[in-house]
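Using the UniProt record's numbering, read the sequence shown as starting at 1 and increasing by one per residue.
The beta carbon of each residue, even a glycine, is placed where N, CA and C say it ideally should be.
One structure is given below, encoded as structure tokens.
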Amino acid sequence: MAADAAALFKAGDFAAATAAFASLLGGLGGMDAAVALTNRAACHAKLGDKAAAEKDSRSAIAASPEYARAHLRLALSLPLDHDDAAAAVASAIALAAGPPNEEMRALYHAIARASATSRGLRLDRVEIGSVKSVRTSLELNRALGHGNLVVLRPGSYQLGPSLAGGTLVGVGDVVLTASPFCGHAMVVKTGLLQVVNVGLIGDGTAAAACCCHEGTLRLVSCRVIDYAEVGVLVADFCTAYLHSCVFERLTRQAIEVREGGSVDMCDCRIEACKQGVSAYGGALSARLHRCAILNCQMEGVLISGSDVNAATRAQEAQLHPKPKSAAIAVTEQAMNWGRERRQTLSSTIIDCTISGNGSIGISIDYGAQVVIERCAFQMNDPYSILVKGASDLSVFACQFTFAGKSSKSFYVQQCGGRVANLAGVHVAINYGGEVQVCACAFSGPRELGIEEECLGLHARVGGMWSKPALSLQNHFDCCQGLPSLALLGVEAQQIRTPRRKKESTVVAPIVGGALSRIGWTFQRESWSPTATEYYAIGNTQGYDVMGGMLGSPSKIRIFLAGCGDPRNLVATAAAVPAGVAISFVLNDGNVSILARDAVLLHLMATVPPEAMPETVLAVWSSHGLSAAHASALQASCAALAEEPWPDWLRAATGIEGGESSAAAEAPMREACRAWASCSITLSKLLELRKALQAAAPRTASASFALSLSTLDSKDSKANKEVKEYVQTGSLTSQSKLTSPNVTLLLAPSLQYCLYFSSSIFRALPLADARPGTPLSARLLTALAPQLQTVAARLHAGTMDVSVVLGDVLVVGADPASNARFDYIDCSNVADYVSVTSMLQICAPLLCRAPHARVRLESILLYRSSSETEKKTFARDATGLPAQTLASLLGVRFVSSEELTGGVLRMEWASAHANEQEHLSAGGLLLDLAPRFSQVLRDGPSEDAAKWRPIGGGPLALTHLLKVSLGPAVARTLIDALLRIKSCRRGKLFQWELTMHVPRTQSELVSVSFDVAVESSSISHARMRHVHNPLLIAFSRNPLELGDTPFGLVHQLLSSFHLDEYSGMATFAMPANLAAKTASLHVTLCALGRKGLEALNTSRLLSDLPKLSLSTAWRSLDPLPVVLDTSSVFDAKEEDGVWKVAVVSGPLHVAADVLIPKALLESKERVVSAVVAGRELRVTIKSKEGGSVHSTYEVQLPSNVAQGVPMRAKLSRSLGLLCMKIAWVEEALDVA
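Below you can see the structure in the form of structure tokens.
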């Protein structure tokens, strides 16, 4: 029969030969069957049916793996670039009885060239003469040692300890087992190791296959089954390529990638392992294509990067400690390795099936960047995808099936054992990361399709928060059947959104201004992504900041610091005569505020006039928008995000304005881009608002009361309209509200944290109207003419707007700017940084013109004052006499006005020369002492509203003296202040007070250290001090966590930079001082009602990184005061000499008398001063009995000879008596 079939083949009757060979197969097996199948494959090939030839060839190899002709026939049946062709031709040559003939050589070389890009075996660098076959381990290791391509005949083999590359091709049932000397079944440390059709089975003590050092591993059609360790381990910047491999029942990970390793998998299957793919600890990439990961005990895929921020470390700190094991130690070592090198882990998972995994389908953490496309997720417990820890995730065109089961996962038990149902995509605390889910289908409860753990929660109080996921065109409630992956893929291509470039987590160098900020340092500013207050709508009525005092300039410059919404800009622009050009500089630390202002101005300039006022009012005031208003908002956001800005709008790096800067525009564009691409629904936005109100139930009633107090209305219909606005967040509208106002989300993080009392009724005035007229109509009537005026100015080019992002205490103090402004309005920023600090920043910026004004408001501090304190609030807010402040800063207090709603507006103008008194150094010193001692003595209380930060912190004193008197005089006065008994607490701040006015020029360095939360107890401590200042403490010994006596502290710093994302604190200090005090310890502390509390583990100063730094403040030009400081030096007890300094001024004579300290040792002695004739007589006498101990007479100028001391102050610790002398003779006793 076989001969007949062969004869038919030789005769060319291939169809008959095919049938004849088929008839032979019925009773054949082994080699006989292989021969018949190979011959039939040849017949199929002659008939042009290569698919049938391939099938028969594979069947022949299965019947007799060592039959060379079957392998050759398979090679001939396959396309040259087929993934299996190279292994087939290599096996044919190795198993053949003799050397390859020319036909085989030609085939080999053709396939070798085509295999250069194959996912399977590559022969492009393998010479045909190196192809060998072996039967024993000894033959195998000897052949590999010579760099051969080795074909392994069926059997069990052991490899040597490590391989320097090579190629292994198994035929039939080939198994590699671990060597007792190695633990791995195979290790490649150099070169490329290719392994095809080999099983790794057994009880090795280390990973079955290990790729490390400088090796590359390619596994094709391999099997790792019932192995007692990891399947494949990749590390040391090596790469493993896995194609058509199977991993089953492994007691650990199927694939482990760490420490620079990468893995590329295609057509692989992982089933019933403890964990599927684990990429972590500095791994570079993990790519999965057409893989199936099924029924693993833990994660199907774990993608864990190396990006750590303060939030992720806070989460780590709150985990229960696990018992140490060798495996955990290796994991921690790898994670530390990746973090030290700041490795970025990226992963793509495409066309895969992730099903039945017992503790999360795909888990993504620690800043990984992952793209998942066209994957099917089925019944993974508890989540198909979990993302957290600053990770970026894009999910496109995937199917999720999760309905009908409760979770039994180990992960849920770890998180507290709560009962939970299976879910689709779960976004946990992912602060710093972005998630987008587009064109996906969910079979399960809609609310479990995309779960967002932080929405509506106050997790951000602990410094943790997640940006809401971007959800576009997803299919929910697909219980009747999921759309196909192919259909979803088409939809995804139409809506694919660009991914934001991942921001570097490397801490950028800190500019000097941030380290010399004249205010207390708090855990986070109001513009931080985790803040609880976004002031999108102003909380005081907009007004003309000129106050009707225009003067006669042709162009005016206006600086709105801490500007908030554009209410003051609109009111002022509408009040300026048409012939006067206006240049506004808007400053805020919150990029969302500035971006929203730009959007509103863009709407004023671009929306058709008939629709513009209503559109602007809707976007300004309401959570819900009509379709038309939402369309206009979308257009403006998109234009400001992507298009060139109009000529009237600029983003500047400093308050001097000038040309727009691409770098300054970038954060504004990013905010607008986030709004333009935001997919949140109106119902979700209102849900977030409701959740925020529910967290603080009294806020809604308080907001209602504040809005009513502004209106001062007794109209019940109007009150009802205000109440409805507070409840719904939107004005009544004739149009149906269908879309969310995305500008009420903090951008680019898209957090909803709108300030609780935000109300358009507090920001904009109402027009007079008939009783019963809706408030929204009255708002529009009042606002429309102003908006139309602004639009006309923008079109005519008579108004321009520059936006400057940054803390006003930093950008306003920048010495690089020489900007001067006619009008400066600072809203109520002073409530947070003090009146004095704001005046000190604004004074150098104010024009020296009669019309120039600075206006500040106070809401929080003013309302918390008693009725008695309110009467003198404006006078006392600076902590200095008004005349002293006018002389130092060149600004004079003009007036204050209490506005509706309990707001105090204060006004200062440029001081004329005759309004500035002539200061004496001693008098100024004793004026400063009460304020200085109060700053250091009166720490904040638990109730932040009751604490008044007089002076804005210790460094504000240095700034005041340096900018007004120059560094030399400032240093002398600071040194003298520290000698006053009431100011001795100030010695704890001596470094800070003096480093910016050194006696000799000293290089400064910035020093950074880690202050991230280290434990749950520290996290709770931080939450207690959200409203309290933070300080950096220097101590000789490490400070224990908790309450810290001041006596343990060597020095304190109040001004430093705290980076919320990275959890790094950076402060300035002189380089030589840092070197001398390297043995000191540095600790982050909070200043609470009970004193200091240490908030993190102390760090040794010598261990902290340091960078060169320069700091400077903008000074007054020219300096308004020249002082003789000789009177402020200590009176020496041993010299017993009286000293005096007299300064004559237009209003009075100032006299500083330095009294020998010996005369003031006893508190029983009093000092009296009297002017008699042309002499000032100072007498020291006993309190009881009146005996005189000493008298000193001072000659006064003749023109004030008849004056008397109108004010006197005495410092016993300095021996300094300071007086101001007027014209009436009268004795004055000084305690």
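**Q.** Distance between beta carbons of N474 and V437, contact taken as under 8 Å
**A.** 6 Å
**Q.** Extent of the continuous beta strand (DSSP E) run through V1166
**A.** Residues 1165-1172.
Q: Inspect the CB distances between the region 760-771 and the region 639-656 and report whether three or more fall short of 8 Å.
A: no
Q. Out of curiosity, what's the CA-to-CA distance linking G812 and C842?
A. 7 Å
Q: Could you tell me whether the Cβ atoms of residue 1234 and W675 are closer together than 7 Å?
A: Residue 1234 falls outside the range modelled here, since the chain spans only 1 to 1231, and no answer is possible.
Q | Pairwise C-alpha distance: L1101 and P1038 | A | 11 Å
Q) Are the Cβ atoms of P1205 and A1169 separated by less than 7 Å? A) yes
Q: Report, in whole angstroms, the separation of the C-beta atoms of D365 and S304, which I expect to be a contact under 8 Å.
A: 5 Å
Q.
Helix, strand or coil for F584? Go by DSSP, reduced to three states.
A. strand
Q: Would you kindly work out how many angstroms separate the C-alpha atoms of T1000 and N1072, rounded to a whole number?
A: When rounded, the distance between both Cα atoms is 12 Å.
Q.
Within a Cβ cutoff of 6 Å, which residues of the same chain sit near G538, ignoring the five residues on either side of it in sequence?
A. G564, D565, R567, A763, listed in sequence order.
Q: For G215, write down the residues that DSSP places opposite it in a beta bridge.
A: G191
Q: Use the C-beta contact count for T521: other C-beta atoms within 10 angstroms, 16 or more gives buried, fewer gives exposed.
A: buried
Q) Excluding the five sequence neighbours on either side, which residues of its own chain have a C-beta within less than 6 Å of the C-beta of V576, listed in chain order? A) Spatial neighbours of V576 in its own chain (CB-CB distance under 6 Å, excluding positions within 5 residues in sequence) are listed in chain order as I582.
**Q.** Alpha-carbon to alpha-carbon, L880 and V1143
**A.** 20 Å
Q. For residue 1232, which residues of its own chain have a beta-carbon under 6 Å away from its beta-carbon, when the five flanking residues on both sides are left out?
A. Since the first and last residues shown for the chain are 1 and 1231, residue 1232 lies out of range.
Q | Beta carbon of G98 nearer than 7 Å to that of S64 | A | no
Q.
Need the endpoints of the alpha helix (DSSP H) that T958 sits in, please.
A. 954-965
Q: Whole angstroms is fine: what's the gap from Y752's alpha carbon to L688's?
A: 7 Å
Q | Anticipated Cβ contact below 8 Å, L961 with A929, distance rounded | A | Actually they do not touch by this definition, with Cβ atoms about 13 Å apart.
Q | Counterpart residues of R892 in DSSP-defined beta bridges | A | Its beta-bridge partners are A909.
Q | Other residues of its chain near Y227: CB distance less than 7 Å, five sequence neighbours each side excluded | A | L200, I201, G202, G204, A208, L250
Q. Does the beta-carbon of H1020 have 16 or more other beta-carbons within 10 angstroms, so that it is buried, or is it exposed?
A. exposed
Q. Can you list, in chain order, the residues of its chain whose CB lies under 7 Å from that of A3, leaving out five sequence neighbours each side?
A. none
Q: Say whether the region 268-281 touches the region 150-167, bearing in mind that this needs 3 or more beta-carbon pairs closer than 8 Å, one atom from each stretch.
A: no
Q) Is it buried or exposed for V330, if we count other Cβ within 10 angstroms and need 16 for buried? A) exposed
Q) Mind checking whether A376 and T348 have CB atoms under 7 Å apart? A) no
Q) CA-CA distance, N1096 and V1137? A) 51 Å
Q. Secondary structure at F9, three-state DSSP: helix, strand or coil?
A. helix
Q. By a C-beta neighbour count over all protein chains shown, 10 Å radius and 16 as the cutoff for buried, is I495 buried or exposed?
A. exposed
(Q) Quick check on the burial criterion: 16 or more other C-beta atoms within 10 angstroms. Buried or exposed for P748? (A) buried
(Q) Contact defined as beta carbons within less than 8 Å: I believe A206 pairs with G282. What is the distance between those atoms, to the nearest angstrom? (A) A Cβ-Cβ distance of about 19 Å is found for the pair A206 and G282, leaving them out of contact under the 8 Å criterion.
Q) Alpha carbon to alpha carbon, how far is V1166 from L1147? A) Using only the alpha carbons, I get a separation of about 28 Å.
Q | Extent of the continuous beta strand (DSSP E) run through Y534 | A | Following the DSSP letters along the chain, one finds Y534 in no beta strand (DSSP E), marked with neither H nor E.
Q: Put S262 into one of helix, strand or coil per three-state DSSP.
A: strand
Q | Cβ-based burial, E491 [other Cβ within 10 Å; buried from 16] | A | buried
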